[in-house]
Every structure is written in C-alpha cells, then in structure tokens.
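Only one structure is covered here, and it is reproduced in the block below.
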Amino acid sequence: MEDPRKSSMRFFSDQNLCHADILPPSEIRARIEVAVLNFLRILASPTPAISDLPLINRRSSNSRACKGLLTQVSCIFLSHSFCTRSLMRANTAKAFIRVWKVMEMCFGVLVQEKRVTQRELFYKLLCDSPDYFTSQLQVNRTIQDVVALLQCSRYSLGIMASSRGLVAGRLLLQEPNQEVVDCSECGLSGHAISGDLNRLETLILKTDARYIIVVEKVSSLLKLSNNHL
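Spelled out as structure tokens, the structure:
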C-alpha cells in the first residue's frame, strides 16, 4: 500500500493525464496552503518526518500523446509518474528548499494581485535567499518544479513572460480605461508587446493596414521603422 505521506500533496492524482491548468489566484493560494499544512501535519505527527515533495516526472519517458475524438490535433501530456525533491538527500536538499522559497514568493505575488517576470523573480530571490539562488537557471528549474507539484500553469503562479517584441506602423491599441496608443507615432523604438495574457486579451485593435510583416530581428524592425516602411 502506498505511503500516504507521498500522496498527501498530490492534486488530481486519480486522473490518467496531468494538466498544467490556468487557475484563478484563489485556487493557487489554496493549493500552496494545503501543501504547507500537509508538510506541517506530518512534521508534527507522533512519528515526525520531513516529507518529500512529489513532482510530476518531466522526462520524455513519462509523456503520452492524446488525440481528440473529433479532431486530428494531438497533444502531449505527462502521465502520473512521480519524482521527488527531498531535504534528506544531499543532492536534492537545496532544490527542496528552493521549491518552498518560490512558492512563498509566488504566494506573496498572488496576494498582492501582481505579476512578475521570471527575471524579476530571480532578482527578488537573489536578494531574499542568496544562499539558494545564484542563477536564472536555478529559478527557471524551480518554477518548473512548482508547476509539477501544484499542476498549474506558470501564468497561474503570477509569473508572466517578459515583453514579447515590438510593434510599429498603422495600428491603434487601447486597453480598457486607457488612452489610445498610436503605433505609428511611437518613434523608432516601436511599442513593446506585453507578456501579460490578461492585458493582451482585453486589447482593442484598430488598423487600416493591408499587410502585416513579421520580423524576427529587432534591428531589422527598427531599420524598417526608420525608413517608414
């Protein structure tokens, strides 16, 4: 029989496939609180122990393709094979602590109803916990661990992508209750595209342009903008 301490922090583990769902802040805060309470319950039990963190295994061997009944589109999901982060093993002790540190930081971000980029989160953690976070890669991997533990999307944790490029030309943009941004008058630098999905979904766009040119390099876009093309 499976040790209940290993399953007490799993969410929706009766499903065949794992989803990184986009969830409201209240649900994510609740999942973090459950994780903390389960950890403390086991620590304060008559046979105290420091429970491992059961994370969905992200290896390719744990992936499965799933095709819809009425569509030809296939999606890749992770199955319920788990790996762990343990405080009691030397090679994972710091990774174990990093998971709790990132959850603590994300909980605070969600309580304040804010969002941060992964880079901003790195600087916050570098100031708050320099003994555990020394590189952006450590933060990125720990975020993936938290996603694997809570089974939610990165965006649900209050972490958004950084600016996703620039736009210039005959395009008017307006966010609710904000002034209209005329992208033809933004100068040579163009207008930065937000990485916040909520902001992008509420944008009102107006244009009389006949063509859209997608440019990979920022330098090429700036050159086109400089020549009013």
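All residue numbers for the sequence shown refer to my numbering, where the first residue is 1400 and numbers rise by one. Glycine included, each C-beta is placed from N, C-alpha and C at the ideal position. In this text the structure is predicted, and so the values were computed from the model without any measurement.
The stretch 1472-1556 is shown to contain whole alpha helix (DSSP H) runs of 4 or more residues at 1492-1510, 1517-1527 and 1535-1549, in chain order.
With distances taken between CA atoms, Arg1609 lies nearest to Gly1568 out of Ser1624, Gly1589, Gly1568 and Leu1572. Boundaries of the alpha helix (DSSP H) harbouring Ile1441: Pro1424 to Leu1442, taken from the DSSP string. Ile1603: member of the beta strand (DSSP E) spanning Ile1603 to Thr1606, first to last residue. By the neighbour-count criterion, in which 16 or more other beta carbons inside 10 Å mark a residue as buried, Gln1511 falls on the exposed side. Taking the C-beta atoms as reference points, Gly1589 is found no nearer than 7 Å to Leu1571.
The C-beta separation of Asp1451 from Gln1550 comes to about 17 Å, leaving the pair out of contact by the 8 Å criterion. Restricting attention to Glu1574, Lys1616 and Glu1578, the CA atom closest to the CA of Glu1600 is found in Glu1574. It is roughly 46 Å from the alpha-carbon of Ala1492 to the alpha-carbon of Ser1619.
In the DSSP annotation of this structure, the continuous segment of the beta strand (DSSP E) that includes Gln1573 starts and ends at Leu1570 to Gln1573. Under the 10 Å beta carbon count, Ser1534 is surrounded by fewer than 16 other beta carbons and is classified as exposed.
In the same chain as Ser1583, and ignoring 5 residues on each side of it, the C-beta atoms closer than 8 Å to its own belong to Ala1567, Gly1568, Arg1569 and Leu1570, in chain order. Shown here for Tyr1531: same chain residues with a beta carbon closer than 7 Å to its own, the five before and five after excluded, namely Lys1493, Ile1496, Arg1497 and Lys1500 in chain order. Collapsing the DSSP output to three states places Val1566 in a strand. In the structure shown, the three-state DSSP call for Val1613 is coil. For Arg1518, the number of other beta carbons within 10 angstroms of its own is below 16, and it is reported as exposed. Rounded to whole angstroms, the gap between the alpha carbons of Asn1539 and Thr1446 is 35 Å.
At the C-beta level, Met1559 and Arg1488 stay beyond 7 Å of one another. Of Cys1526, Tyr1522, Leu1548 and Gln1577, the smallest CA-CA separation from Met1502 is found for Leu1548. Inclusion of Leu1556 and Cys1505 in the CB contact set at 7 Å is warranted, their separation being smaller than that value.
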